[in-house]
Each structure stands twice: as C-alpha cells, then as structure tokens.
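Encoded structure:
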C-alpha cells in the first residue's frame, strides 16, 4: 500500500469515527427526549426538552457536515500522480508534509508525520497549483516544496 493510500485510509477512518460519535450522540439525545416525562415542575420540563431539541439540531448539523466532508473525500482520485498540487496530492516541504484532502489533523505513516488539510484551508489555498521547487510563505514561515505525488 502506498503512502497516499495509507493517508487516504487514515482520513476515511477519522471521518468514520466522527460519524459514529455524532450518531451515538443523536441516539442519546433521542432516548433522553423519549424518556423525558412531565413532572410537577412543568417549566423545568419544557426547558429541558427545549435544550435537548437544540442539542439534537446541533448534532444534525454536525452530521450533515460530516457527510459533506466524506463525500468530498470520496471524490479525491488518489491514483493520479500529478506534479501540480491538487486534492489528493501528497506534498513534502522543508517544514512539514501535507496530504491535500480533508481537515483530519496530524497523521503518521511509516514514522513520517503528515497534516491532512483541506484545499480550502489557508495553507491549502497557498499550496494548491504549486509544484516542486516553489516557495510558499505562511505566517512568516517559508516553505519550499521538495516533492509532490
């Protein structure tokens, strides 16, 4: 398995874990709503239900965002070996290494650290369309691109 395939699978696992967490949260909220019984403190009961409804809505928004991110990840062609940085590229620089895909944080493959970043992040926007030898300045730090695949 290539470095790119390993990074892609780590991103997929990260997004799947987030999906499971949000679904579990939604199930807990649903159970809480169903088990909530009317007590003598009616206003307190209604406030509790309203809070649970807000939490459910928030979890629903998170779920929609995760599904969107997973869809974006599935559109990435990791078989492409372009020398120009685009989604799916693995980028080595003199400061850090990147996998242009989704924002999944720091990943490690074969004892090498990579940062999975979205092409829409500030550093992603600077890297996209660049190639080996190009220099990028981000937050007063100069990055020289040494390898792209």
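Residue numbers (the working numbering): 429 to 577. In this text, a Cβ means the ideal position worked out from N, Cα and C, and glycines have one as well.
By the DSSP assignment, the beta strand (DSSP E) with residue i in it spans what residues?
i	result
residue 533	533-537
residue 455	No beta strand (DSSP E) holds residue 455; the alpha helix (DSSP H) holding it covers 431-463.
residue 573	569-576
residue 541	540-545
Alpha carbon to alpha carbon, how far is residue j from residue i? Give it in angstroms, no decimals.
i	j	result
residue 432	residue 523	19 Å
residue 462	residue 480	11 Å
For residue i, I'd like the list of residues in its chain whose CB is within less than 6 Å of its CB, leaving aside the five on either flank, ordered along the chain.
i	result
residue 468	Residue confidence is low: residue 468 scores 46 on pLDDT, short of 50, so the model does not pin down where it sits. Its coordinate-derived value is still stated next. Around residue 468: no qualifying Cβ.
residue 546	530, 531 and 552
Going along the chain, which residues of its own chain have a beta-carbon closer than 7 Å to the beta-carbon of residue i, five neighbours each way excluded?
i	result
residue 572	521, 522 and 563
residue 485	none
Could one say the Cβ of residue i lies closer than 8 Å to chain C's Cβ atoms, at least one of them?
i	result
residue 543	Absence of chain C from the displayed structure is noted, only one protein chain being present.
Is the distance from the Cβ of residue i to the Cβ of residue j below 8 Å?
i	j	result
residue 385	residue 531	Outside the shown range of the chain, which is 429 to 577, sits residue 385, and nothing can be said about it.
residue 569	residue 511	no
residue 478	residue 450	no
residue 525	residue 540	yes
residue 543	residue 534	yes
Identify, in the order they occur along the chain, each residue of the same chain with its Cβ nearer than 8 Å to the Cβ of residue i, setting aside the five sequence neighbours on each side.
i	result
residue 566	550, 551 and 554
residue 590	Nothing in the structure corresponds to residue 590, since the chain is present only between 429 and 577.
Between which two residues does the alpha helix (DSSP H) containing residue i stretch?
i	result
residue 561	Careful: residue 561 lies outside any alpha helix (DSSP H) and carries neither H nor E.
*At 3 residues or longer, and completely inside the region 478-533: list those beta strand (DSSP E) runs for me, N to C.*
Runs of the beta strand (DSSP E) inside the region 478-533: 518-521 and 525-528.
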